[in-house]
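Encoded as structure tokens, the structure appears first; notes follow it.
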Amino acid sequence: MSLLLPEEPRAEDDSLNWLVFMSEFDLLALDQSRVLMERIKGVQLLGNWEPAPSSDTWMVRLRLELLEAEPTSEVPRFTEWVMVVDFRVDAWGKVQVHPDSGEGGIRHTFEHQQYNGGPHAVWPVRNGHICCLNEMHGLAASRNAMEAEPVTTIERLVWHVQRALEWVRSAADGTLAKAGDPFELPDFNVGFKGKTVSLAYYEDAESFSHWQRCSAYSGVAPISYLNGVAVIRQFLDRRGKETVHAPAWGQFIDGMGSRNKALWLRLETMPVVNRWQVPATLTELRSAVAADGKDLEELLKTALERVAETEDLLLLVGMPVPRRVQEAPYRYHWQALELFPKLKGTPAKSRVPLVLNRLRSSSPATWVGRSENWHPEDLQSRGRVTRSLREANILLIGAGALGANLAEQLVRMGVIHLTVVDHEPLEAGNLVRHTLDLPVLNISKAVALAERLNRVSPSAKVKGIASMFTSKDASVVVAAQSATLIIDATASDDVLRELPLPGITGDVPIISLSLGLHSRRLFFYADVAASFGYGAFSRWFAPYREEEHQEAVKQELPRGLGCWHPLTPARLNRVLGLAGCAVELIEQVCEGQVSLPVGYCHRWQVAELGKEVAAEAAP
Numbered sequence: 001m002s003l004l005l006p007e008e009p010r011a012e013d014d015s016l017n018w019l020v021f022m023s024e025f026d027l028l029a030l031d032q033s034r035v036l037m038e039r040i041k042g043v044q045l046l047g048n049w050e051p052a053p054s055s056d057t058w059m060v061r062l063r064l065e066l067l068e069a070e071p072t073s074e075v076p077r078f079t080e081w082v083m084v085v086d087f088r089v090d091a092w093g094k095v096q097v098h099p100d101s102g103e104g105g106i107r108h109t110f111e112h113q114q115y116n117g118g119p120h121a122v123w124p125v126r127n128g129h130i131c132c133l134n135e136m137h138g139l140a141a142s143r144n145a146m147e148a149e150p151v152t153t154i155e156r157l158v159w160h161v162q163r164a165l166e167w168v169r170s171a172a173d174g175t176l177a178k179a180g181d182p183f184e185l186p187d188f189n190v191g192f193k194g195k196t197v198s199l200a201y202y203e204d205a206e207s208f209s210h211w212q213r214c215s216a217y218s219g220v221a222p223i224s225y226l227n228g229v230a231v232i233r234q235f236l237d238r239r240g241k242e243t244v245h246a247p248a249w250g251q252f253i254d255g256m257g258s259r260n261k262a263l264w265l266r267l268e269t270m271p272v273v274n275r276w277q278v279p280a281t282l283t284e285l286r287s288a289v290a291a292d293g294k295d296l297e298e299l300l301k302t303a304l305e306r307v308a309e310t311e312d313l314l315l316l317v318g319m320p321v322p323r324r325v326q327e328a329p330y331r332y333h334w335q336a337l338e339l340f341p342k343l344k345g346t347p348a349k350s351r352v353p354l355v356l357n358r359l360r361s362s363s364p365a366t367w368v369g370r371s372e373n374w375h376p377e378d379l380q381s382r383g384r385v386t387r388s389l390r391e392a393n394i395l396l397i398g399a400g401a402l403g404a405n406l407a408e409q410l411v412r413m414g415v416i417h418l419t420v421v422d423h424e425p426l427e428a429g430n431l432v433r434h435t436l437d438l439p440v441l442n443i444s445k446a447v448a449l450a451e452r453l454n455r456v457s458p459s460a461k462v463k464g465i466a467s468m469f470t471s472k473d474a475s476v477v478v479a480a481q482s483a484t485l486i487i488d489a490t491a492s493d494d495v496l497r498e499l500p501l502p503g504i505t506g507d508v509p510i511i512s513l514s515l516g517l518h519s520r521r522l523f524f525y526a527d528v529a530a531s532f533g534y535g536a537f538s539r540w541f542a543p544y545r546e547e548e549h550q551e552a553v554k555q556e557l558p559r560g561l562g563c564w565h566p567l568t569p570a571r572l573n574r575v576l577g578l579a580g581c582a583v584e585l586i587e588q589v590c591e592g593q594v595s596l597p598v599g600y601c602h603r604w605q606v607a608e609l610g611k612e613v614a615a616e617a618a619p
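The following block contains the structure:
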């Protein structure tokens with residue numbers, strides 16, 4: 001049976017431009033895949049490949065038989081599906097498998113399935129396409145794992161059908177989410193179109209313990225907007241007066257203005273209906289809240305009276321989540337829905353009745369699909385420094401190229417408390433290898449760097465002191481006395497002669513960092529305050545200092561116009577790389593992995609590409 005091709009589009013009609021993305025080989029691949037899919041046990045094709053209306057995709061209807069599992073009321077023996085393949089998104093075809101919109105399609109939403117509560121916006125199928133991809137697919141896409149999904153079109157289509165058969169069997173026998181699997185939320189993306197792009201909250205195991213001891217289940221929540229992200233600033237009681245919970249935000253979030261007020265509701269179970277589907281209407285939401293043993297209207301009525309007019313009134317719904325399936329919950333997750341659109345301009349006396357009437361209705365529950373936990377445990381899960389370094393109160397002396405790049409890496413990887421001391425302003429010549437930019441030219445490096453770093457992490461509490469490092473400056477002395485780790489990145493002997501300042505605890509590590517000419521070497525020296533001394537450092541560094549000097553006198557070094565003294569040459573890529581090496585060395589000191597004092601010279605090394613390639617090609 002040949003493919004049903006669309007009619008040739010008119011020259012002025014560009015709505016059927018599928019040939020731009022497909023070739024005759026793709027059409028042959030679809031035809032051949034149909035032959036192979038019909039040979040799979042449990043698969044029956046209910047038609048031919050057809051172009052999807054108003055899109056650049058092809059679709060084929062399937063009937064899948066439940067094999068090796070008993071039918072249930074939710075998953076009968078035969079279910080009908082639609083395979084959709086899109087050659088616009090992927091040259092080999094992006095494949096999705098959706099429930100058929102007819103009587104044979106499943107109506108419930110299961111784990112590892114998108115929201116299945118209604119028809120697709122474009123295609124004649126149901127919304128809930130199932131997840132057939134391997135869990136390593138994301139890593140494989142960035143070359144960090146082996147890809148399970150085949151590349152070529154024919155193999156890919158056959159593979160997805162086989163995976164769909166496995167999914168149906170697992171849905172029937174209840175093994176889609178097995179004990180010990182990583183826990184996954186239901187799909188909250190049900191078409192929200194408000195101004196809120198996403199929700200940001202701050203929760204961990206410690207705050208979960210607080211919530212478990214708390215008797216409040218609803219109230220008022222001040223929020224701030226950051227480029228469309230609604231950030232939960234605080235949880236107040238129903239009267240909007242007493243603080244129920246205050247997230248430990250950093251300096252930037254704490255300083256945000258333009259607060260709005262949302263409502264919050266805390267549940268003790270996941271609010272789902274139809275097995276694993278989020279409530280699609282307020283009627284379903286009321287049912288889900290009732291199943292949790294609570295009355296939605298009663299919980300929100302008092303708080304509503306304390307909410308001022310707002311563009312969009314959000315309801316924040318909190319739910320406990322585990323790390324893994326069938327484990328006990330360890331923290332709360334918050335999800336937002338638009339309870340009432342455009343309350344702004346509504347007379348105060350009519351706001352509460354309007355919202356209550358909506359709560360009693362069957363209006364759509366318009367969820368904000370994206371929600372993120374901005375706690376460091378989640379936000380920095382892709383790469384963090386060790387706990388001892390994250391929890392350190394660090395004094396960084398020097399906000400030059402090395403100090404600034406080191407500070408940026410530390411804060412991005414989890415350091416919260418950091419004080420930067422530097423008396424110099426940012427100059428144009430610094431821009432070639434500094435993290436700061438033109439808008440802060442001639443402003444204190446320390447102050448500008450602190451402001452930047454507080455914007456880098458929502459947990460950061462960074463302070464800048466525009467001063468020389470000296471015992472005569474009271475603010476410097478106070479910062480040094482409260483530090484649990486001191487890092488000198490000035491490469492200044494005068495600074496080291498000042499250390500340690502009076503009052504510094506004897507077991508506080510003091511680390512000196514500096515770079516060699518052209519950033520060919522990183523010099524790392526560490527000791528504790530009780531025994532740190534410039535003399536010991538100088539004796540260790542003496543042979544390196546002589547080597548650097550001999551190298552410097554042989555070179556034509558860069559100079560500023562009219563400046564007799566040469567400038568220090570060091571390219572940004574090497575400064576960044578050696579700053580990264582310094583982070584790992586600092587971690588070793590903080591973890592107590594080395595005996596102090598210790599000195600180390602790390603050399604910048606890049607393989608000679610020609611020799612490397614030749615070696616790889618050799619038999």
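For the sequence shown, full-length UniProt numbering assigns the number 1 to the initial residue and increments by one for each residue that follows.
Cβ atoms here follow ideal geometry from the backbone N, Cα and C, with glycine treated the same way.
None of the values given here were measured: they were computed from a predicted structure.
When DSSP reads this structure, V229 sits in a beta bridge with S198, L226. Three or more Cβ pairs drawn from the stretch 124 to 133 and the stretch 89 to 103 lie within less than 8 Å of each other, which places the two stretches in contact. If the five residues before and after V594 are omitted, its C-beta is found closer than 7 Å to the C-beta atoms of Q588, all from its own chain and listed in chain order. Residue G117 holds the alpha-carbon nearest to the alpha-carbon of Q277 among L199, T302, G117.
Each residue's CA atom was taken as its position, placing I394 and Q481 some 11 Å apart.
Along the length of the stretch 396 to 452, whole beta strand (DSSP E) runs at least 3 residues long occupy 417 to 421, reported in chain order.
Ranked by Cα distance from W264, the options R233, G255, V272, I253 are led by R233. Under the 8 Å Cβ criterion, the stretch 179 to 187 does not count as touching the stretch 214 to 229, having fewer than three qualifying pairs.
Collapsing the DSSP output to three states places T72 in coil. The beta carbon of V325 sits closer than 6 Å to the beta carbons of A177, A179, D181, F183 from its chain, once the five residues preceding and following it are set aside; these are given in chain order.
Sequence-distant partners of P119 (beyond 5 residues in either direction) whose C-beta falls short of 8 Å from its own C-beta, in its chain, are S101, V125, R126, N127.
Secondary structure note for S514: it is in no alpha helix (DSSP H), and the uninterrupted beta strand (DSSP E) holding it is 509 to 515.
Under the DSSP assignment, W49 falls outside any alpha helix (DSSP H); it carries neither an H nor an E label. The count of Cβ pairs closer than 8 Å, one atom from the stretch 522 to 535 and one from the stretch 431 to 438, stays below three, leaving the stretches out of contact. Between A336 and L402 the beta-carbon gap is near 42 Å, outside 8 Å, which marks them as no contact. When only Cα atoms are considered, P247 and A328 end up about 22 Å apart.
Below 8 Å, too few C-beta pairs join the stretch 496 to 508 and the stretch 446 to 460 to call them touching: fewer than three. Ranked by Cα distance from R603, the options A582, T366, L596 are led by A582. Within the model, the alpha-carbon separation for P558 versus V476 is close to 33 Å. Residues of the same chain with a CB within less than 6 Å of the CB of A392, apart from the 5 flanking positions on each side, are T484, L485 in chain order. For A290, the closest C-alpha among the options L267, M146, T310, T302 is that of L267. Residue pairing from DSSP places T57 in a beta bridge opposite D86. Counting only unbroken stretches of 3 or more residues, the beta strand (DSSP E) elements lying wholly within the stretch 254 to 334 are 259 to 266, 312 to 321, in sequence order. Its chain contains V272, W276, V278 as the residues whose beta carbon lies nearer than 6 Å to that of P186, once the 5 sequence neighbours on both sides are disregarded; these appear in chain order. By a beta-carbon distance limit of 8 Å, L449 contacts L436. Their separation comes to about 6 Å. Annotation: the continuous alpha helix (DSSP H) that includes I586 extends over 572 to 590.
In the three-state reduction of the DSSP assignment, E206 falls in the helix class, which pools H, G and I. Counting along the chain, T153 sits inside the alpha helix (DSSP H) bounded by residues 153 to 173. L354 is a Cβ neighbour of T346, given a cutoff of 9 Å.
Annotation for T470: V476, E498 place their beta carbon closer than 7 Å to its own, counting only its chain and skipping 5 residues before and after. For W367, the beta-bridge partners assigned by DSSP are L337. Around P569, the same chain offers L517, H518, L557, P558 as residues with beta carbons nearer than 7 Å, after the five sequence neighbours per side are excluded. Under DSSP, no beta-bridge partner is assigned to K342. Residue nearest to V553 within the set L567, V158, D494 is L567 (criterion: CA-CA distance).
Of all C-beta pairs linking the stretch 373 to 390 to the stretch 413 to 429, three or more are shorter than 8 Å, placing the two stretches in contact. Taking the Cα positions, P543 is about 51 Å away from A205.
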